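Trainee:
Residue numbers (the UniProt record's numbering): 1 to 56.
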């Protein structure tokens, strides 16, 4: 995950991961990053992904 504007100057960030199951048996993985920018404002970036089941 990379933000083109404010995370370049941030050296520390927090990552969280969550997994959900939908009623249709589809699984979703969410990855979120949070950091404080140089103006002391909370910034965030998230990336939702579908999880596929089966052979690799």
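Glycine included, C-beta positions come from ideal geometry on N, C-alpha and C. Predicted model, so just to flag it, every value in this text is computed and none were measured.
1. Please tell me whether residue 17 and residue 31 are closer than 8 Å, where the distance is taken between their beta carbons.
2. Quick one: grab the DSSP three-state call for residue 23.
3. Please check the pair residue 13 and residue 34, which I expect to be a contact at CB under 8 Å, by giving their CB distance rounded to whole angstroms.
Mentor: This is what the structure gives:
1. By 1-based counting over the chain shown, the position of residue 17 is 17. By 1-based counting over the chain shown, the position of residue 31 is 31. Yes. Within cutoff.
2. The sequence position of residue 23 within the chain shown is 23, counting from 1. Coil.
3. Here residue 13 corresponds to residue number 13 of the chain shown, with the count starting at 1. Here residue 34 corresponds to residue number 34 of the chain shown, with the count starting at 1. Sure, about 6 Å apart at Cβ, within 8 Å.
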